[in-house]
Amino acid sequence: MSPPAVDDARADAVLSRLQLMVTRKLDGLLQGDYLGLLSGPGTEPGESREYRPGDDVRRMDWPVTARTTLPHVRQTVADRELESWLAVDMSASLDFGTGRWLKRELVISAAAAIVHLTVRGGNRIGAVVASGDPGTGGDVRRLPARPGRKEAQGLLRALASTPSRPGRGDLGALVDALNRPPRRRGQAVVISDFMAPVEQWARPVRKLAVRHEVLAIEVVDPRELELPDVGVLEVVDPETGRGHEVQTADPKLRQRYAQTAAAQRAAIAGALRGAGAGHLRLRTDSDWLLDMVRFVAAQRHARTRGTTR
Numbered sequence: 032m033s034p035p036a037v038d039d040a041r042a043d044a045v046l047s048r049l050q051l052m053v054t055r056k057l058d059g060l061l062q063g064d065y066l067g068l069l070s071g072p073g074t075e076p077g078e079s080r081e082y083r084p085g086d087d088v089r090r091m092d093w094p095v096t097a098r099t100t101l102p103h104v105r106q107t108v109a110d111r112e113l114e115s116w117l118a119v120d121m122s123a124s125l126d127f128g129t130g131r132w133l134k135r136e137l138v139i140s141a142a143a144a145i146v147h148l149t150v151r152g153g154n155r156i157g158a159v160v161a162s163g164d165p166g167t168g169g170d171v172r173r174l175p176a177r178p179g180r181k182e183a184q185g186l187l188r189a190l191a192s193t194p195s196r197p198g199r200g201d202l203g204a205l206v207d208a209l210n211r212p213p214r215r216r217g218q219a220v221v222i223s224d225f226m227a228p229v230e231q232w233a234r235p236v237r238k239l240a241v242r243h244e245v246l247a248i249e250v251v252d253p254r255e256l257e258l259p260d261v262g263v264l265e266v267v268d269p270e271t272g273r274g275h276e277v278q279t280a281d282p283k284l285r286q287r288y289a290q291t292a293a294a295q296r297a298a299i300a301g302a303l304r305g306a307g308a309g310h311l312r313l314r315t316d317s318d319w320l321l322d323m324v325r326f327v328a329a330q331r332h333a334r335t336r337g338t339t340r
């Protein structure tokens, strides 16, 4: 289902519609012990199960491993009063889209889904929002973590009304804003197109994942992955304003573009995987709600496999 466009005049109506979409579509599908995109790292010990490739080695249950001579991991019971933080990239590169909506609209929709599924049972949710290069008027805005649906709606309203600024934002600085000051274990969700150089944000994400359960939501447009054959195409970098004409009729150019884009996305996925972060990719030309449901189903299957042995 397509998320609606967001502007200042219709912000409240759009956010209410997004909330209705999320509660109708996701609440009925994400059933279980804890309703949400992530179950939370938890602090109360649960059952042990046999280790499977991909499990977090920090959760190894060494006493059970010693008794059984097989590696086991200790599961934890999801925290019911969880503190979650969003790091939301609202830089100018998100004002682009050739699918059913802009990347900016997809960012707001993803944030709305996370907020409405997380802010229940006393959970608190806050955000840090970057709007572009600080040298051209952009900044990193911090919205404090508070419980309650009214406060969550205010957070989303502030996010939807954040204007993008020209210039390239610093995604690493945005993620690092969640590392300071130190907080108790919780959830951290980074929403961006991750177009910044990987070396700029990879280390802050790894640092964040040491203490928190991290989910990275990557928003992608199909034209960022491959070029269509439409003759001479004039393209403009939304962050710098620079224009360039591209001859898309050249098959070798389209092939090089696709190969470079694939290498870039593979580097992003590798950096997030190396940090131990969950990775959800949302496209502007697909059903973002269905993609979220599939991601959560895969995560829950990975968490619960082997528990009935």
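Our numbering applies: residue 32 is where the sequence shown begins, and numbers increase by one. C-beta: ideal position from N, C-alpha, C; glycine also. Since this is a predicted model, take the numbers as computed values, not measurements.
If I follow the unbroken beta strand (DSSP E) through residue i, where does it start and stop?
{"i": "P84", "result": "Taken as a continuous stretch (DSSP letters only), P84 belongs to no beta strand (DSSP E), as it is neither H nor E."}
{"i": "G157", "result": "155-161"}
{"i": "P235", "result": "Taken as a continuous stretch (DSSP letters only), P235 belongs to no beta strand (DSSP E), being part of the alpha helix (DSSP H) at 229-242."}
{"i": "R98", "result": "Premise fails: R98 lies in the alpha helix (DSSP H), 93-99, not in any beta strand (DSSP E)."}
{"i": "L113", "result": "Neither: L113 is in no beta strand (DSSP E) and is coded neither H nor E."}
{"i": "V221", "result": "218-223"}
Is it buried or exposed for residue i, if we count other Cβ within 10 angstroms and need 16 for buried?
{"i": "D110", "result": "Summary for D110: the model assigns pLDDT 49, below 50, so the residue's position carries little reliability; its value from the coordinates is reported in the next sentence. Classification for D110: buried."}
{"i": "V327", "result": "buried"}
{"i": "A293", "result": "exposed"}
{"i": "P282", "result": "exposed"}
{"i": "D207", "result": "buried"}
{"i": "W232", "result": "buried"}
{"i": "P235", "result": "buried"}
{"i": "V261", "result": "exposed"}
{"i": "H275", "result": "exposed"}
{"i": "K181", "result": "exposed"}
{"i": "E265", "result": "exposed"}
{"i": "D92", "result": "buried"}
{"i": "T149", "result": "buried"}
{"i": "E114", "result": "buried"}
{"i": "R273", "result": "exposed"}
{"i": "E255", "result": "buried"}
{"i": "R135", "result": "buried"}
{"i": "V160", "result": "buried"}
{"i": "L133", "result": "buried"}
{"i": "D87", "result": "exposed"}
{"i": "S70", "result": "Interpretation of S70 is limited by its pLDDT of 48, a score under 50 that renders its predicted location unreliable; no figure is taken from the coordinates."}
{"i": "S192", "result": "exposed"}
Between which two residues does the alpha helix (DSSP H) harbouring residue i extend?
{"i": "G203", "result": "202-207"}
{"i": "G274", "result": "It is not in any alpha helix (DSSP H) - G274 instead sits in the beta strand (DSSP E) that spans 274-278."}
{"i": "P25", "result": "The structure shown has nothing for residue 25, since the chain only spans 32 to 340."}
{"i": "A143", "result": "134-149"}
{"i": "A191", "result": "180-191"}
Quickly, what does DSSP pair residue i with across the bridge? List them, please.
{"i": "L313", "result": "V250"}
{"i": "Q330", "result": "For Q330, which the question treats as bridged, DSSP gives no partner whatsoever."}
{"i": "V266", "result": "H275"}
{"i": "V245", "result": "A219"}
{"i": "V261", "result": "Answer is none; V261 lacks a bridge partner."}
{"i": "V324", "result": "Looking at the DSSP assignment, V324 forms no beta bridge with any residue, so it has no partner."}
{"i": "R177", "result": "I156"}
{"i": "R80", "result": "V104"}
Give me the Cβ distance between residue i and residue j, rounded to the nearest whole Å; I'm assuming they're in contact under 8 angstroms.
{"i": "P197", "j": "A141", "result": "24 angstroms between Cβ atoms; not a contact."}
{"i": "G179", "j": "D120", "result": "Contact flag wrong, Cβ pair sits at about 26 angstroms."}
{"i": "R314", "j": "P253", "result": "7 angstroms"}
{"i": "R83", "j": "H103", "result": "Rounded, the Cβ-Cβ distance is 10 angstroms, inconsistent with contact."}
{"i": "L209", "j": "A308", "result": "Actually they do not touch by this definition, with Cβ atoms about 12 angstroms apart."}
{"i": "E244", "j": "S223", "result": "Contact doesn't hold; Cβ gap of about 18 angstroms is too wide."}
{"i": "L186", "j": "V146", "result": "7 angstroms"}
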